[in-house]
Every structure is written in structure tokens, then in C-alpha cells.
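K.L.:
Dropping the structure in here first, questions after.
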Amino acid sequence: GDPAGFVSVLDDNTIVIPDRPGNKRFDGLTNIFTNPGVGMIFVIPGMRETLRVNGTATIVRDPELLESLAVDGKLPWLAIVVDVKEAFMHCPKAFLRSDLWDPTTWPSRDDLPTMACILNDHALNGQGNVEEMQADMDERSKTQLY
53 GDPAGFVSVL
63 DDNTIVIPDR
73 PGNKRFDGLT
83 NIFTNPGVGM
93 IFVIPGMRET
103 LRVNGTATIV
113 RDPELLESLA
123 VDGKLPWLAI
133 VVDVKEAFMH
143 CPKAFLRSDL
153 WDPTTWPSRD
163 DLPTMACILN
173 DHALNGQGNV
183 EEMQADMDER
193 SKTQLY
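Given below as C-alpha cells:
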């Protein structure tokens, strides 16, 4: 959810990723406690190649580091520091075969369910109010991301 360039390079072997208040996904952080090994794929829209990074993650709350990751004066709650063990460019075969960057192959947004519909169907067994859920999600995306 951050602007381009939100992953910061601290040195030749270390990157840091801010964890914003709006993410509200602590399950991913608990995964790091259980198994700190991480693999990431960095995708730039329109670029065929990807950057793959593997390493070991640590969750930190260092005030000076969090300050350096502020957006519009708002600090992340936490940061994920990754000790990079390997980084390499990955060939574009899968993107080329899938036509991922060709908008003419994309499904119509009108044919896809909203996030509220998906959550209602899969988490609430169809018992939620989709319109209220979507309105709440839209409001939170404006007010709670940072």
C-alpha cells in the first residue's frame, strides 16, 4: 500500500519493509516468529523480469528506523528487516506466457466479486451485509492506511 520505493535498502545485504497500521495482518508476522525464512518476488508493472529475494526476516520496533520509514509524517507500527541471502533476476517466461501485462487479456472488473463479497462468502458463510461491509472497507482504506 505504500508509494513506489517503500522497500528500503539498508546496506548490501539488508532490506527493510514497513508494516503500516492499516495492514492489520498479524498472521503474516506470526509466521516470521515460527519460520523467519522468507522469499519475495518484486514485480514492477510493465517490466517482464522480476527480482527474487530470499533471506531471514526479523521484526523490529527501532524508533530511529521507523522514523526513517514515515509517510506523510506517520510511522509504521513495525518494520520487517530482511537479511538477504540471495537475490537474482528471474526470467519472464511465466509473465510472457500468461499475457499478464496485456490489458486486453484481463477479465472485466464487472465480472469479478468485490472483496466484501469474497469475505462474506468465505468467512461469514453468506451471513454478512455486503453493502455495509464494502462501505466500511472503503472508509477504512481512506482513513486507516496511515
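If you read the sequence shown in our numbering, its first letter stands for residue 53, the second for the next number, and so on.
C-beta: ideal position from N, C-alpha, C; glycine also.
1) I'd like to confirm the pairing. Which residues does DSSP put opposite residue 109 in its beta bridges?
2) Just the Cα atoms here: how many angstroms apart are residue 166 and residue 110?
3) Using only CA atoms, which one of 112, 113 and 153 lies nearest to residue 97?
4) Starting from residue 60, trace the beta strand (DSSP E) both ways and give me its first and last residue.
5) Among 187, 186 and 66, which residue has its Cα nearest to the Cα of residue 108?
6) Could you check whether residue 186 and residue 175 sit closer than 8 Å to each other, using their CB atoms as the reference points?
7) For residue 161, does the three-state DSSP call read helix, strand or coil?
8) Rounded to whole angstroms, what's the CA-CA distance from residue 62 to residue 142? Just pull it up for me.
P.N.:
This is what the structure gives:
1) Residue mapping note: residue 109 aligns to position 57 of the sequence shown, counting from 1. Bridge partners of residue 109: 134.
2) Translated into the one-based positions of the sequence shown, residue 166 becomes position 114. Translated into the one-based positions of the sequence shown, residue 110 becomes position 58. Residue 166 and residue 110: Cα-Cα distance of roughly 34 Å.
3) In the sequence shown, the residue the question calls residue 97 occupies position 45. Of the listed residues, the one whose Cα sits closest to residue 97 is 153.
4) Here the question's residue 60 lines up with position 8 in the sequence shown. Run containing residue 60: 60-63, per the beta strand (DSSP E) assignment.
5) The residue you call residue 108 lines up with position 56 of the sequence shown. The residue with the shortest Cα to Cα distance from residue 108 is 66.
6) Counted from its first residue, the sequence shown places residue 175 at position 123. Counted from its first residue, the sequence shown places residue 186 at position 134. No.
7) Counted from its first residue, the sequence shown places residue 161 at position 109. Of the three classes helix, strand and coil, the one that applies to residue 161 here is helix, per DSSP.
8) In the sequence shown, counting from the first residue as 1, residue 62 sits at position 10. In the sequence shown, counting from the first residue as 1, residue 142 sits at position 90. Their backbone Cα atoms lie some 23 Å apart in a straight line.
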